[in-house]
Amino acid sequence: MPTHVLEGDKPVTLPAKPITFRISGAGGVELNIFVDGRPDTRALRPTSDKMIVPVIDETAIIRVSPAGGGTFGSATVISCTAEIEVRGDHDPQRAVLGQVDLSGLTGRDLIEVVPDGGRLRLGSLGVVTQTELPELAAAARDAAREVLGTERAPRENRSDLTVLVDCSASMRPLMEEGSLTSAIEVVVGVAQVVSDDVRVRLAGASATDLPEVPVAELGRASNDAALSQPLAGSVRLDPVDRGRTCIVSDAVVGRPDAHWLVLAPASTWSAVPSDADASLAPVPEWGRGSLSDTLLKDGQALRDLVRGLVTGLAGGAA
Numbered sequence: 000m001p002t003h004v005l006e007g008d009k010p011v012t013l014p015a016k017p018i019t020f021r022i023s024g025a026g027g028v029e030l031n032i033f034v035d036g037r038p039d040t041r042a043l044r045p046t047s048d049k050m051i052v053p054v055i056d057e058t059a060i061i062r063v064s065p066a067g068g069g070t071f072g073s074a075t076v077i078s079c080t081a082e083i084e085v086r087g088d089h090d091p092q093r094a095v096l097g098q099v100d101l102s103g104l105t106g107r108d109l110i111e112v113v114p115d116g117g118r119l120r121l122g123s124l125g126v127v128t129q130t131e132l133p134e135l136a137a138a139a140r141d142a143a144r145e146v147l148g149t150e151r152a153p154r155e156n157r158s159d160l161t162v163l164v165d166c167s168a169s170m171r172p173l174m175e176e177g178s179l180t181s182a183i184e185v186v187v188g189v190a191q192v193v194s195d196d197v198r199v200r201l202a203g204a205s206a207t208d209l210p211e212v213p214v215a216e217l218g219r220a221s222n223d224a225a226l227s228q229p230l231a232g233s234v235r236l237d238p239v240d241r242g243r244t245c246i247v248s249d250a251v252v253g254r255p256d257a258h259w260l261v262l263a264p265a266s267t268w269s270a271v272p273s274d275a276d277a278s279l280a281p282v283p284e285w286g287r288g289s290l291s292d293t294l295l296k297d298g299q300a301l302r303d304l305v306r307g308l309v310t311g312l313a314g315g316a317a
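Encoded structure:
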């Protein structure tokens with residue numbers, strides 16, 4: 000019997016017979032079926048990741064949640080298979096929904112099942128294709144999903160994002176020791192959830208747009224390009240012509256129309272104006288580690304930083 004792939008808005012039809020749903024790829028998951036927002040009590044669950052539904056006679060939603068509650072861990076990627084097993088048939092008809100990233104979510108609707116005469120029409124529900132990212136950017140993306148409770152901010156809360164990098168002389172040490180790369184990777188990870196297109200502009204004595212590079216390389220490419228800029232005592236933080244702006248700097252110096260990502264040791268945060276639209280990245284005191292290590296080892300510090308960025312860049316979606 001054939002195997003159908005559930006993708007995009009293309010439905011798959013299977014016979015209207017008892018149907019089995021299975022999750023593979025990760026443990027600690029629990030399958031449920033809902034009709035009109037209520038659990039369908041006819042479903043049988045031999046295990047938490049397997050569910051047998053004897054009959055579906057109303058539109059139903061197949062949902063996956065973490066077993067025991069909470070949120071899915073980082074890099075939790077699953078597949079869901081729906082099978083129609085006929086007695087004596089060793090090759091059942093099936094539909095497969097593959098590579099669903101659940102990282103940071105409290106649950107996710109996977110498949111809609113609609114009765115259609117003697118058939119069941121199955122459709123995938125809003126699966127977002129995830130871009131492969133560096134470790135810190137991926138962790139920031141997962142944290143942003145956890146903050147919002149969804150894979151992406153609503154369309155009305157998303158817009159293009161310009162990351163404006165302060166290339167003044169005071170930023171040079173942060174470029175050389177890697178904090179700028181790490182900061183932009185965090186912004187890139189958050190942007191996968193709250194923004195549409197992302198571009199980087201280098202703000203030195205003049206403004207220069209970074210040539211287009213794969214999103215996974217934006218952190219390193221931005222840092223390298225910033226290091227190649229002539230030293231400038233002051234920089235031009237010109238307004239951008241579209242979407243939102245995130246200024247990456249070591250201090251807030253104006254521009255109330257932008258969200259600031261300030262790279263500074265926690266001991267200096269009191270110098271940031273309390274009314275500034277700013278997120279604070281906990282750069283270690285000089286010589287005491289790296290921003291990347293700090294954020295990857297301290298999940299709360301990463302979540303606090305990401306929450307500020309989500310609030311500042313997602314138009315209030317948080």
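At position 42 of the sequence shown the residue is numbered 41 (numbering that gives the first Met the number 0), and the sequence of numbers has no breaks. All C-beta atoms, glycine included, are put in the ideal place defined by N, C-alpha and C.
Status (buried if at least 16 other CB within 10 Å, exposed otherwise) for residue i
{"i": "Arg154", "result": "exposed"}
{"i": "Gln299", "result": "exposed"}
{"i": "Gln98", "result": "exposed"}
{"i": "Ala257", "result": "buried"}
{"i": "Gly148", "result": "exposed"}
{"i": "Trp259", "result": "buried"}
{"i": "Ser178", "result": "buried"}
{"i": "Thr293", "result": "buried"}
{"i": "Leu163", "result": "buried"}
{"i": "Thr180", "result": "buried"}
{"i": "Arg37", "result": "exposed"}
{"i": "Glu150", "result": "buried"}
{"i": "Asp39", "result": "buried"}
{"i": "Arg287", "result": "exposed"}
{"i": "Leu304", "result": "buried"}
Integer-rounded CB distance, given that residue j should sit under 8 Å from residue i
{"i": "Pro91", "j": "Ile51", "result": "That belief does not hold up - the Cβ atoms of Pro91 and Ile51 are roughly 12 Å apart, past 8 Å."}
{"i": "Val95", "j": "Leu5", "result": "7 Å"}
{"i": "Ala138", "j": "Leu301", "result": "6 Å"}
{"i": "Gly242", "j": "Thr161", "result": "6 Å"}
{"i": "Ser102", "j": "Phe71", "result": "6 Å"}
{"i": "Ala59", "j": "Val112", "result": "5 Å"}
{"i": "Leu209", "j": "Ala224", "result": "6 Å"}
{"i": "Leu295", "j": "Glu134", "result": "7 Å"}
{"i": "Ala277", "j": "Val252", "result": "No, Ala277 and Val252 are not in contact; Cβ-Cβ is about 11 Å, not under 8 Å."}
{"i": "Ala190", "j": "Val197", "result": "5 Å"}
{"i": "Val212", "j": "Asp165", "result": "At roughly 20 Å, the Cβ-Cβ gap does not stay under 8 Å, so Val212 and Asp165 are not in contact."}
{"i": "Val193", "j": "Leu312", "result": "5 Å"}
{"i": "Ala182", "j": "Leu262", "result": "6 Å"}
{"i": "Ile32", "j": "Ala42", "result": "5 Å"}
Separation of residue j from residue i, as counted between CA atoms
{"i": "Leu109", "j": "Gln228", "result": "47 Å"}
{"i": "Glu216", "j": "Glu84", "result": "46 Å"}
{"i": "Ala74", "j": "Asp100", "result": "7 Å"}
{"i": "Pro14", "j": "Arg219", "result": "52 Å"}
{"i": "Val146", "j": "Arg306", "result": "6 Å"}
{"i": "Asp297", "j": "Ser169", "result": "27 Å"}
{"i": "Leu308", "j": "Val28", "result": "29 Å"}
{"i": "Pro114", "j": "Val54", "result": "10 Å"}
{"i": "Leu104", "j": "Arg140", "result": "11 Å"}
{"i": "Leu119", "j": "Leu132", "result": "37 Å"}
{"i": "Arg93", "j": "Phe20", "result": "10 Å"}
{"i": "Trp285", "j": "Ser23", "result": "45 Å"}
{"i": "Lys49", "j": "Val34", "result": "18 Å"}
{"i": "Ala275", "j": "Ser269", "result": "12 Å"}
{"i": "Ala66", "j": "Leu226", "result": "47 Å"}
{"i": "Asn156", "j": "Arg144", "result": "14 Å"}
{"i": "Thr207", "j": "Glu57", "result": "57 Å"}
* To do: Report yes or no: do three or more beta-carbon pairs, one from the stretch 276 to 284 and one from the stretch 202 to 222, lie closer than 8 Å?
  => Flag = no, the stretch 276 to 284 and the stretch 202 to 222 do not touch.
* Asked: Is there contact between the stretch 181 to 188 and the stretch 241 to 248, where contact requires at least three CB pairs shorter than 8 Å?
  -> Contact between the stretch 181 to 188 and the stretch 241 to 248 is present, because at least three Cβ pairs lie under 8 Å.
* Asked: Of all the alpha helix (DSSP H) runs that stay within the bounds of the stretch 119 to 177, which reach a length of 4 or more residues?
  -> Within the stretch 119 to 177, the complete alpha helix (DSSP H) runs of at least 4 residues are 134 to 147, 171 to 175.
* To do: Can you check the stretch 23 to 51 for any beta strand (DSSP E) of at least 3 residues that lies completely inside it and give the ranges in chain order?
  => Counting only runs of 3 or more, we get 28 to 34, 43 to 46.
* Quick one: which unbroken beta strand (DSSP E) runs of 3-plus residues sit fully inside the stretch 176 to 254? Chain order, please. => Segments of the beta strand (DSSP E) lying fully in the stretch 176 to 254: 197 to 202, 206 to 208, 243 to 248.
* Asked: For the stretch 52 to 79, which segments carrying the beta strand (DSSP E) assignment without a break, of at least 3 residues, lie completely within its bounds, in sequence order?
  -> You should have 59 to 65.
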